[in-house]
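Here's the structure we're looking at; comments come further down.
In full-length UniProt numbering, the protein residues as written are 1 to 66.
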């Protein structure tokens, strides 16, 4: 299945949830926000959102600093 993540095309497994995909990237969940098809996805819904062919994700990482 093909999706677009931060402007780059990627192939992923069929039937993956958003959480499955994020876990495959080994991201620290508490430090990211995710938008799917131009809608912000609340963290509590990540395990319920099944990705579809053609989905567009934007993943934003929060970085501390001063």
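We treat Cβ as the ideally placed atom computed from N, Cα and C, and that holds for glycine.
Here the structure is a predicted model, which is why all the values come from computation and not from measurement.
Buried or exposed by the 16-neighbour rule on C-beta atoms within 10 Å, applied to residue i
| i | result |
| --- | --- |
| residue 51 | buried |
| residue 36 | buried |
| residue 62 | exposed |
| residue 25 | exposed |
Bridge partner(s) assigned by DSSP for residue i
| i | result |
| --- | --- |
| residue 2 | 11 |
| residue 32 | 61 |
Through-space distance from residue j to residue i, alpha-carbon basis
| i | j | result |
| --- | --- | --- |
| residue 40 | residue 17 | 15 Å |
| residue 1 | residue 45 | 21 Å |
| residue 49 | residue 57 | 12 Å |
| residue 54 | residue 29 | 23 Å |
| residue 65 | residue 6 | 23 Å |
CB-CB length for residue i against residue j, believed under 8 Å
| i | j | result |
| --- | --- | --- |
| residue 12 | residue 34 | Between residue 34 and residue 12 the Cβ distance is about 14 Å, and since that is not below 8 Å, they are no contact. |
Opening and closing residue of the alpha helix (DSSP H) in which residue i lies
| i | result |
| --- | --- |
| residue 57 | It is not in any alpha helix (DSSP H) - residue 57 instead sits in the beta strand (DSSP E) that spans 56-61. |
Span of the beta strand (DSSP E) around residue i
| i | result |
| --- | --- |
| residue 41 | Looking at the DSSP string, residue 41 is not in any beta strand (DSSP E), and its letter there is neither H nor E. |
| residue 26 | Careful: residue 26 lies outside any beta strand (DSSP E) and carries neither H nor E. |
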